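Undergrad: For the sequence shown, this note's numbering gives the first residue as 2, with consecutive numbering after it.
For each residue, glycine too, the CB sits at the ideal point set by N, CA and C.
Everything numeric in this text was worked out from a predicted model, so none of it was measured.
Below is one structure. I have some questions about it.
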Amino acid sequence: MKVFCKIDWQLSGVIGLFGGVKYSTRATRATRTTRTEPSELSEPVLNINTLNNGPKCVFLDIMKKRFIGAGLPTGLYVHIPFCVAKCPYCDFYSVAVGSSDTDRFLAALVKELDRYEWLDSVQTIYVGGGSPSCLGRDQLERLVEQLTQRFTNFKSSDSLEFTMEVNPAQINGKRLERLRQLGVNRLSVGAQSFNQAELDFLGRSYCPADIVGLVKSARVAGFDNINLDLIFASPNSTENTWRNSLEQALALEPQHVSAYCLTIEKNTPFAERLKKGEFSLVGEQTDRAMYELAIKLLGQAGLAQYEISNFAQSEFLCRHNLTYWNNQPWIGIGPAAASYYNHCRFQNLADVDAYIAAIEAEKSPVVQRHNCDKQDVACETAVLMLRLVRGIDLELFTRQTGCDALEIFADPIERYSGLGLLKIDEKSIALTDQARPVADSILCDFAGL
Ligand code: SF4
């Protein structure tokens, strides 16, 4: 069940980051000891390892040249690496707000975006973190203004998706109103739970009334597309406390809910405390019952499941996250942010001060790059698309990878369809309802060829 957690958006370990949100490729890499020959993809893979990473940033120049006429990134992820306090379960990259110069950081962020000067439009913007709402009022507004000035298509159309992550007790109605006026049209609220004891345990410094207040203020400010992030299976939580959280969340009539199972990450305070026996995890059966309860209650309220952990009204699927799940290109800016385009994944350094220094010195903040060969692209696309209830869209898969999914994954398809865990029709290959709770192991079998 651990596959259901945002914080642990992993299949069997983490190599990559999707714009701050983790995803796993460990199975992909680990199952092969030799790399395949250069890609047969129509766009040849760039050998970026040989490129200069210095001031002239040859890497970006070449990507730019190659990019013209190719599929442009549809999403922009902006990572704000500041939080009021570190939650003990979290291993996202973030530091205490105030520990670095936020003005200098924001200037660096905009400067990093300038490096992609050929990118003049995107379909989605997602400002996440960290906690963007812990930035000062002027800082957040300035950032949003700079983003909408840069991507002018956001000025002329409210149909594009601009999401901002906000935390309860960090932002008031006036600020929300201003953000809405400036073009932010989707809020993702880090609610996590409506149970005070669970919030306290998770290190969240607000109360359920703060979540309610934030959502109500957001409605008044004009937001009609609101996501609530919820965490289930916290130690000491029960099916009843989870039911209560779901019911209170639904009473706020969100358009979208992300329900993640708490996962204990290595090198977090929770991992340490678990090791010392200070708490124990919820049993697997309870964990599964909670997940099934979410599917049931959210579905009854009109929020259909469309991804392992995500539920929405039909018009409100998160378009930004669909970019990730469809394995389409996006750009991430900010410390630790990852990007994927032209079949290349790359990631910025996870150190805010070093990031600022690199950008100010006109150096690249990129520290990790990986050229995806044809097998990587096919496997990653399959694994990601299988997270969706829709599953692998066969036509889209072929268009993006140049491969026939039914052919290259013939073995796992035969095995799992025989067990009733995969369903196949002329358009798609999808996990069955029965398979979703054990998705982890099934997806691993699509992670390598
Ligand atoms: S607020 Fe979010 S990003 Fe910050 S420490 Fe908590 S869980 Fe992590």
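#1: Mind checking Thr-75: buried by the 16 CB within 10 Å criterion, or exposed?
#2: Quick check on Phe-163: does DSSP put it in helix, strand or coil?
#3: To the nearest angstrom, report how far apart Leu-136 and Asp-446 are at their CA atoms.
#4: So for Gln-193, helix, strand or coil by DSSP?
#5: Would you check if there are 3 or more beta carbon pairs closer than 8 angstroms linking the segment 162 to 174 to the segment 123 to 137?
#6: Let's see if you can read the secondary structure: which residues bound the alpha helix (DSSP H) around Tyr-356?
#7: Can you grab the Cα-Cα spacing for the pair Leu-294 / Arg-244, in whole Å?
#8: Starting from Cys-88, trace the beta strand (DSSP E) in both directions and tell me its first and last residue.
#9: So, using beta-carbon positions, are Ser-194 and Thr-153 closer together than 9 angstroms?
#10: Relative to the C-alpha of Asp-230, which residue among Asn-186, Asn-372 and Ser-246 is closest?
#11: Since Arg-181 and Phe-233 should fall inside the 8 angstroms C-beta cutoff, what is the C-beta to C-beta distance between them, to a whole number of angstroms?
#12: Which of helix, strand or coil does DSSP assign to Ala-31?
#13: Quick one: what does DSSP say Asn-327 is sitting in, helix, strand or coil?
#14: Under three-state DSSP, which class holds Ile-69?
#15: Give the DSSP-derived three-state secondary structure of His-344 in the structure shown.
#16: If distances are taken between C-alpha atoms only, which option among Ile-430, Cys-380 and Leu-423 comes closest to Leu-450?
#17: Measuring straight from C-alpha to C-alpha, what distance separates Ser-365 and Lys-156?
#18: What three-state label does DSSP hand Leu-120 in the structure shown?
#19: Cys-135 by DSSP, collapsed to three states: which one?
#20: Go ahead and label Ser-238 buried or exposed: buried means 16 or more other beta carbons lie within 10 angstroms of its beta carbon, across all protein chains shown.
#21: Please confirm whether Leu-304 and Ala-290 have their CB atoms less than 9 angstroms apart.
#22: Quick check on the DSSP output: the alpha helix (DSSP H) that includes Gln-249 runs from which residue to which?
#23: Quick one: Cα of Arg-151 to Cα of Gly-333, how far?
#24: Rounded to whole angstroms, how far is the Cβ of Leu-77 from the Cβ of Trp-331, which I believe are closer than 8 angstroms?
#25: Going by DSSP, which residues form a beta bridge with Val-258?
#26: Starting from Ile-425, trace the alpha helix (DSSP H) in both directions and tell me its first and last residue.
#27: Taking C-alpha atoms, which residue in Ala-86, Asp-377 and Lys-428 lies nearest to Gly-392?
#28: Could you check what DSSP says for Ser-235 in three-state terms: helix, strand or coil?
#29: Compute the minimum distance between the beta carbon of Ala-339 and the heavy atoms of ligand 3, and state whether it is under 8 angstroms.
#30: Quick check on this structure: which residue in Pro-89, Ala-86, Tyr-94 and Tyr-90 has the alpha carbon closest to the alpha carbon of His-80?
#31: To the nearest angstrom, how far is it from the Cα of Thr-264 to the Cα of Tyr-90?
#32: Is any heavy atom of ligand 1 found at a distance shorter than 8 angstroms from the C-beta of Gly-278?
#33: Scan the segment 382 to 430 and note each continuous beta strand (DSSP E) run of 3 residues or more that stays entirely inside, going in chain order.
#34: On the DSSP letters alone, give me the boundaries of the beta strand (DSSP E) that Arg-370 sits inside.
TA: Here's the rundown:
#1: To locate residue 75, count along the sequence shown from 1; it is residue 74. Burial call: buried.
#2: The count along the sequence shown starts at 1 and reaches residue 163 at position 162. It is a strand residue.
#3: Here residue 136 is taken as the residue at index 135 of the sequence shown, counted from 1. Here residue 446 is taken as the residue at index 445 of the sequence shown, counted from 1. Taking the straight line joining both Cα atoms gives about 42 angstroms.
#4: Looking up residue 193 in the sequence shown gives position 192. Strand at Gln-193.
#5: Taking 8 angstroms as the limit for Cβ pairs, the verdict is that the segment 123 to 137 does touch the segment 162 to 174.
#6: Taking the sequence shown and counting its residues from 1, one reaches residue 356 at position 355. From DSSP, the alpha helix (DSSP H) with Tyr-356 extends over 353 to 361.
#7: In the sequence shown, counting from the first residue as 1, residue 294 sits at position 293. In the sequence shown, counting from the first residue as 1, residue 244 sits at position 243. If you take the alpha carbons of Leu-294 and Arg-244, they lie about 7 angstroms apart.
#8: The residue labelled residue 88 in the question sits at position 87 within the sequence shown. Counting along the chain, Cys-88 falls outside any beta strand (DSSP E), and DSSP gives it neither H nor E.
#9: By one-based count along the sequence shown, residue 194 stands at place 193. By one-based count along the sequence shown, residue 153 stands at place 152. Inclusion of Ser-194 and Thr-153 in the CB contact set at 9 angstroms is not warranted, their separation being larger than that value.
#10: As a working note, residue 230 is residue 229 in the sequence shown. Here the closest residue by C-alpha is Ser-246.
#11: Position 180 of the sequence shown, counted from the first residue, corresponds to residue 181. Position 232 of the sequence shown, counted from the first residue, corresponds to residue 233. The Cβ separation is near 30 angstroms, so there is no contact.
#12: In the sequence shown, the residue the question calls residue 31 occupies position 30. The pLDDT assigned to Ala-31 is 23, lower than 50, so where the model puts this residue is not dependable, and the model offers no usable value.
#13: Looking up residue 327 in the sequence shown gives position 326. It is coil, neither helix nor strand.
#14: One-based indexing of the sequence shown puts residue 69 at position 68. Only weak support exists for where Ile-69 lies, its pLDDT of 39 falling under 50; the value from the coordinates is given anyway. Here Ile-69 sits in coil by DSSP.
#15: For this step, residue 344 is matched to residue 343 along the sequence shown. Here His-344 sits in coil by DSSP.
#16: In the sequence shown, residue 450 corresponds to position 449, counting from 1. Taking only the C-alpha atoms, the option nearest Leu-450 is Cys-380.
#17: Looking up residue 365 in the sequence shown gives position 364. Looking up residue 156 in the sequence shown gives position 155. Rounded to whole angstroms, Ser-365 and Lys-156 show a C-alpha spacing of 29 angstroms.
#18: On the sequence shown, position 119 is the one that residue 120 refers to. Leu-120 falls in the coil class under three-state DSSP.
#19: The sequence position of residue 135 within the sequence shown is 134, counting from 1. Three-state result, Cys-135: helix.
#20: Translated into positions along the sequence shown, residue 238 becomes position 237. Classification for Ser-238: buried.
#21: As a working mapping, residue 304 is identified with position 303 in the sequence shown. As a working mapping, residue 290 is identified with position 289 in the sequence shown. Annotated as distal: Leu-304 and Ala-290, with beta-carbon spacing of 9 angstroms or more.
#22: The residue you call residue 249 lines up with position 248 of the sequence shown. 240 to 252 is the span of the alpha helix (DSSP H), which, as asked, contains Gln-249.
#23: Here the question's residue 151 lines up with position 150 in the sequence shown. Here the question's residue 333 lines up with position 332 in the sequence shown. Using only the alpha carbons, I get a separation of about 15 angstroms.
#24: For the purposes of this step, residue 77 is identified with residue 76 of the sequence shown, where counting begins at 1. For the purposes of this step, residue 331 is identified with residue 330 of the sequence shown, where counting begins at 1. Between Trp-331 and Leu-77 the Cβ distance is about 7 angstroms, and since that is below 8 angstroms, they are a contact.
#25: The residue you call residue 258 lines up with position 257 of the sequence shown. Partner(s): Leu-229 and Phe-312.
#26: Residue 425 sits at position 424 when you count from the first residue of the sequence shown. Not the alpha helix (DSSP H): Ile-425 falls in the beta strand (DSSP E), residues 423 to 425.
#27: Taking the sequence shown and counting its residues from 1, one reaches residue 392 at position 391. The residue with the shortest Cα to Cα distance from Gly-392 is Lys-428.
#28: Looking up residue 235 in the sequence shown gives position 234. Ser-235 falls in the coil class under three-state DSSP.
#29: In the structure shown, ligand 3 is absent; the only ligands present are ligand 1.
#30: Locating residue 80 in the sequence shown gives position 79, counting from the first residue. Ranking Pro-89, Ala-86, Tyr-94 and Tyr-90 by Cα distance to His-80 puts Tyr-94 first.
#31: Against the sequence shown, residue 264 aligns to sequence position 263. Against the sequence shown, residue 90 aligns to sequence position 89. Roughly 8 angstroms separates the two Cα atoms.
#32: Locating residue 278 in the sequence shown gives position 277, counting from the first residue. Checking the Cβ of Gly-278 against ligand 1 gives no.
#33: Here the runs fully enclosed are 423 to 425.
#34: Your numbering for residue 370 matches position 369 in the sequence shown. Unbroken beta strand (DSSP E) run through Arg-370: 367 to 372.
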